[in-house]
């Protein structure tokens, strides 16, 4: 093994350890509450029956393909169902992806130490990595499978006749579409990429790859589409995700790239930064890739593996974004950054490639390498501390309301108007009689929050599949069932207001709460 290869392996292991240890340790120094989606995942994963779990999966309760819940079900039942352990599994999948990504890209281009610095910094300063890698959700698994898929696509770009790569592509193609529905967008993009290569080169072997894409789609349609159609009923009459605007488009794509402060960018004066990041990435790809495509013959271009991966990365970054945008504008809104998380790795490689494009690519002098290696341990410690500190601050569950629950009389139930509050409190706080009211008429009010209808269907399925009787249908919302209760009323959600306006509910008093858009009401039912 030569020195470069040895250094790549050691630094990839270091990358895995830095991110996995820092993120896992930070989990024990922050609020341990699961947020809404994690609770839904945990309900499925902790189901004693695998058959029942898969039956519940095909409902309005979840909108994901089967690989993630089945894999975590086996991990949970064989090793541990502890939520912190399952979160750690997600972290390990994420960290493994980073290690594989570093190894693969450093073999293509650059020096081991410089790539280690570039990749670790870009990943650490991308807020999305912290929020998604530590969840009991399918995102980390989707990221790992997606990068495996990208690697095989790259290998087939330069050698479409390799049988081993074709088999790997077919397996990973099935895995990606059965792990997350957005896998369909990435397979559509890669199919278009190989179709373009065929038109450009005339190499008929690329048509076999296009055919393999079609076969993957046919298998998905036969095996999963009927279930997918049932799951997507939760998104009717509309999605919980707002239809993208020009501003929200740049916010979403901007979250796939590093930033110094995500909270700072919420201020109006800094909202231009996500726009600049997106334009920079696209502009670099156009500036670097297009001139070579115009001036270099196909057989010479395809021999440059670093460039072909750069070309592929830019294509697979832009096309799924475009597909998601079109689907969101004309069918149902799905435009949200976490569904596009695999594109973050494509952004990382594009940035790394651009650095070497503009910098002098001559080998570094030994003295300069020695200086970098000397300070690497200090950098690793600083990076680990930064990741620990940053992730400790991340709290997806809006926990501010919890401090107001102890003042309430424990004899009375507490109604909440969103699944964001209901599921975590129901799961973690056994002292509070938290309730959720299923009322379709108020959920479908045109002025109501978009998520009201989706949450209604999700929680209705939770009640039906797992007998959660704390979710109360509107016909059971009577004086004999809940004569006296509290409501955490949110101004964004129209529900209790209807019952107050129609005289069915009388407000006894309003309790103080210092959360904007919230009020705590003590109420009685009149009928």
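Numbering (the numbering used here), first residue to last: 1 to 527.
Think of the CB as a built atom: it goes at the ideal place given N, C-alpha and C, for glycine as much as any other residue.
All values derive from a computational prediction rather than experimental measurement.
| Asked | Found |
| --- | --- |
| Would you mind reading off the limits of the alpha helix (DSSP H) that contains residue 164? | 163-177 |
| From the DSSP output, read off the bridge partner residues of residue 518. | 490 |
| Determine the contact status of residue 140 and residue 133, defining contact as a CB-CB distance below 8 Å. | yes |
| Does the segment 334-349 come close enough to the segment 232-245 that 3 or more CB-CB pairs lie under 8 Å? | yes |
| Determine whether the beta carbon atoms of residue 474 and residue 437 lie at a separation below 8 Å. | yes |
| The alpha helix (DSSP H) spanning residue 66 covers which residue range? | Note, residue 66: premise wrong, no alpha helix (DSSP H); not H, not E. |
| Which runs of the alpha helix (DSSP H) spanning at least 4 residues fall entirely within the segment 450-515, listed in chain order? | 451-466 and 496-501 |
| Would you check if the distance between the CB atom of residue 158 and the CB atom of residue 308 is smaller than 8 Å? | yes |
| Decide yes or no for the touch test of the segment 492-502 against the segment 273-286: beta carbon pairs closer than 8 Å, at least 3 of them. | no |
| So residue 119 and residue 348 are in contact, right, with Cβ under 8 Å, and what is the actual spacing, rounded? | 6 Å |
| Would residue 510 be called buried (16 or more neighbouring beta carbons within 10 Å of its own) or exposed? | exposed |
| What's the gap between the Cα of residue 90 and the Cα of residue 338? | 15 Å |
| Helix or strand or just coil, what does DSSP make of residue 412? | coil |
| Short check: CB of residue 36 to CB of residue 424, under 8 Å? | yes |
| May I ask you to verify whether the segment 418-432 touches the segment 452-470, counting CB pairs closer than 8 Å and requiring at least 3? | yes |
| Can you check whether the CB of residue 185 is closer than 8 Å to the CB of residue 209? | no |
| Give every residue of the same chain whose Cβ lies closer than 8 Å to the Cβ of residue 343, excluding the five residues on either side of it in the sequence, and list them in chain order. | 256, 316, 317, 320 and 321 |
| Give the straight-line distance between the Cα atoms of residue 367 and residue 374, rounded to the nearest whole angstrom. | With a pLDDT of 48 at residue 367, under the threshold of 50, the modelled position of that residue is not reliable, and the figure given next carries that caveat. Residue 367 and residue 374: Cα-Cα distance of roughly 11 Å. |
| For residue 43, is the classification buried or exposed, using 16 other Cβ atoms within 10 angstroms of its Cβ as the cut-off for buried? | buried |
| Beta-carbon of residue 446 versus every beta-carbon of chain C: anything under 8 Å? | Judged by its chain identifiers, the structure shown contains no chain C, having just a single protein chain. |
| Starting from the N-terminal side, write out each stretch of the alpha helix (DSSP H) that is 4 residues or longer and does not extend beyond the segment 186-241. | 205-223 and 225-231 |
| If we call anything under 8 Å between Cβ atoms a contact, is residue 416 one with residue 488? | yes |
| By DSSP, does residue 134 sit in helix, in strand, or in coil? | coil |
| Helix, strand or coil: how does DSSP classify residue 334 here? | coil |
| Nearest by alpha-carbon distance to residue 152: which of 135, 176, 131 and 137 is it? | 176 |
| Do residue 83 and residue 34 come within 8 Å of each other at the CB atom, strictly closer than that value? | yes |
| Hey, quick one: how far does the alpha helix (DSSP H) through residue 339 stretch, first residue to last? | From DSSP, residue 339 is part of no alpha helix (DSSP H); its letter is neither H nor E. |
| Does residue 160 pass the burial test, meaning 16 or more other C-beta atoms within 10 Å, or should it be called exposed? | buried |
| Which one or two residues does DSSP pair with residue 434 in a beta bridge? | 414 |
| Is it buried or exposed, residue 60, if we count other Cβ atoms within 10 angstroms and call 16 or more buried? | buried |
| Please determine if the segment 92-108 and the segment 2-10 are in contact, where contact requires at least 3 C-beta pairs separated by less than 8 Å. | yes |
| Would you mind working out which of 96, 219, 52 and 227 sits nearest residue 530, comparing C-alpha positions? | There is no way to answer for residue 530, as the model of the chain reaches only from 1 to 527. |
| According to DSSP, is residue 524 part of a helix, a strand, or is it coil? | strand |
| Helix, strand or coil: which one does DSSP assign to residue 80? | coil |
| Buried or exposed: which applies to residue 19, given that a residue is buried once 16 or more other Cβ atoms fall within 10 Å of its Cβ? | buried |
| Is the segment 380-395 close to the segment 16-31, with three or more CB pairs under 8 Å? | yes |
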